[in-house]
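Heads up: the sequence shown runs through residues 662 to 947, numbered per my numbering. Report on the structure given below.
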Amino acid sequence: MALIAASVRGELVRIALLRGDELAEFYLWNRNAPDCVGDLYTGRVVSVEKALAGCFVALGGEISGFMPDSAGGKNLTEGQYISVCITRAAQGGKGPRLSLAQAPAAGTPGLIAAGPGPLVELARRFASDEIILDDYALMADLRPALEGRMHYNAKAFDPVLEDEVASLAEPLAILPHGARLHITPAPAATLLDVDSASASHLPPLALNTAIIPEICRQIVLRNLSGGILIDFAGLKTAQRQKLLPPLREALNHDPLSPNLLGLSHLGFAEINRRRTRPPLHEILHG
């Protein structure tokens, strides 16, 4: 059994999925500036780009998004009105990613219905589990979707959980046996650098194998996405091959089912993790 806990701090809703005493997933939801994932729109096809295998769709106002052919963009024509769903939040000056929806299209571009938001989305995935919240106004807003499942708890986040959530804002994570993980996001990829630190008494292969589950948990908690490179500590490339099976096994527990691509020529483990909502560092630091 799992527990979903939500705590309101100003404009942000902090959402935690707990399995026993372990924080398994974490999300930040800014209700005043939502990421729009799951929103349904009427859109107008403004350009078909064969070179990009997709089309650009105006959603109303200054908003436009891109719909790949693989997501329903084939055989559309410029000027056509269609219904679309936002499947990936806007990022880095680029508009949102879209897929074709089955809802009836209106005569002008604009919002048809807002998406569920990360709390309702998580509650649907864990449909039989309890939800506790520390804000009556939020409970009232969510009642149509989550009636009968929500319970008020002024201490939805206990001090231990508060401390762990606070640590997610830092670019450093503490790993088992005293090792440390340095997290460096960049536009092209996120680098995860393992520092053996006080764990140098352990054989490198044993240490790196032991810390893999926590590395993968940090990826999920921080919602790191796109290209991810892991630089394990103290191993030659040939030895790093032995880390791929346990790494693949740990990634199997990720709700976004990332793809382990193997080792780069420099010995980094390469992971591609689908981006839907913005990673935590973008929400916190822009």
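All residues carry an ideal CB built from backbone N, CA and C; glycine is no exception.
task = If I'm right that residue 940 touches residue 886 with Cβ under 8 Å, what's the distance once you round it to whole angstroms?
result = Numbered from its first residue, the sequence shown carries residue 940 at position 279. Numbered from its first residue, the sequence shown carries residue 886 at position 225. Right, their Cβ atoms sit about 6 Å apart.
task = Give the straight-line distance between the Cα atoms of residue 667 and residue 684, rounded to the nearest whole angstrom.
result = Here the question's residue 667 lines up with position 6 in the sequence shown. Here the question's residue 684 lines up with position 23 in the sequence shown. Distance between the alpha carbons of residue 667 and residue 684 is about 13 Å.
inquiry  = Please classify residue 919 as buried or exposed, where buried requires at least 16 neighbouring CB atoms within 10 angstroms.
reply    = Walking along the sequence shown from the start, residue 919 turns up at place 258. So residue 919 counts as buried.
request  = Please report the residue range of the alpha helix (DSSP H) in which residue 867 lies.
outcome  = For this step, residue 867 is matched to residue 206 along the sequence shown. That run of the alpha helix (DSSP H) goes 865 to 882.
ask   = Looking at the structure shown, is residue 907 part of a helix, part of a strand, or coil, going by DSSP?
value = Start at 1 with the first residue of the sequence shown, and residue 907 comes out as number 246. Helix at residue 907.
task = List the DSSP bridge partners of residue 774.
result = The residue labelled residue 774 in the question sits at position 113 within the sequence shown. Paired residue(s): 701.
key: Where residue 942 falls, given that 16 or more other Cβ within 10 Å makes a residue buried   = Start at 1 with the first residue of the sequence shown, and residue 942 comes out as number 281. Buried, since its Cβ has 16 or more Cβ neighbours within 10 Å.
task = Specify the secondary structure class of residue 671 as computed by DSSP and reduced to three states.
result = Counting from one through the sequence shown, the residue named residue 671 turns up at place 10. Three-state result, residue 671: coil.
request  = Excluding the 5 residues preceding and the 5 following residue 730 in the sequence, name in chain order all residues of the same chain whose CB lies nearer than 6 Å to its CB.
outcome  = Within the sequence shown, numbered from 1, the residue matching residue 730 stands at position 69. By the criterion of a C-beta distance shorter than 6 Å, residue 730 is surrounded in its chain by 714 and 715, once the five residues flanking it on both sides are discounted.
ask   = Closest to residue 902 by CA distance: which of 862, 759, 926 and 735 is it?
value = To locate residue 902, count along the sequence shown from 1; it is residue 241. Measuring from the Cα of residue 902, the nearest candidate turns out to be 926.
task = Please name the residue, chosen from 752, 746 and 663, that lies closest to residue 784 on a Cα-to-Cα basis.
result = In the sequence shown, the residue the question calls residue 784 occupies position 123. When each option's Cα is compared against that of residue 784, the closest is 663.
Endpoints, beta strand (DSSP E) assigned at residue 800 = Numbered from its first residue, the sequence shown carries residue 800 at position 139. Counting along the chain, residue 800 falls outside any beta strand (DSSP E), though it belongs to the alpha helix (DSSP H) covering 797 to 807.
ask   = Going by Cα to Cα distance, which pick from 862, 932 and 745 is closest to residue 720?
value = As a first step, residue 720 is located in the sequence shown; it is residue number 59 there, counting from the start. Ranking the options by Cα distance to residue 720, first place goes to 745.
task = Put residue 831 into one of helix, strand or coil per three-state DSSP.
result = Locating residue 831 in the sequence shown gives position 170, counting from the first residue. In the structure shown, residue 831 sits in coil (DSSP, three-state: anything other than H, G, I, E or B).
message = Given this structure, state the Cα-to-Cα distance separating residue 807 from residue 857, to the nearest angstrom.
response = In the sequence shown, residue 807 corresponds to position 146, counting from 1. In the sequence shown, residue 857 corresponds to position 196, counting from 1. C-alpha separation (whole angstroms): 45 Å.
query = With a Cβ-Cβ cutoff of 8 Å, do residue 837 and residue 871 count as a contact?
reply = Taking the first residue of the sequence shown as position 1, residue 837 is located at position 176. Taking the first residue of the sequence shown as position 1, residue 871 is located at position 210. For residue 837 and residue 871, yes; Cβs fall inside 8 Å.
task = Quickly, what does DSSP pair residue 725 with across the bridge? List them, please.
result = For the purposes of this step, residue 725 is taken as residue 64 along the sequence shown, with counting starting at 1. According to DSSP, residue 725 bridges with 719.
query = So what's residue 937 in DSSP terms, helix, strand or just coil?
reply = Counting from 1 along the sequence shown, the entry for residue 937 is found at position 276. If DSSP states are grouped into helix, strand and coil, residue 937 belongs with coil.
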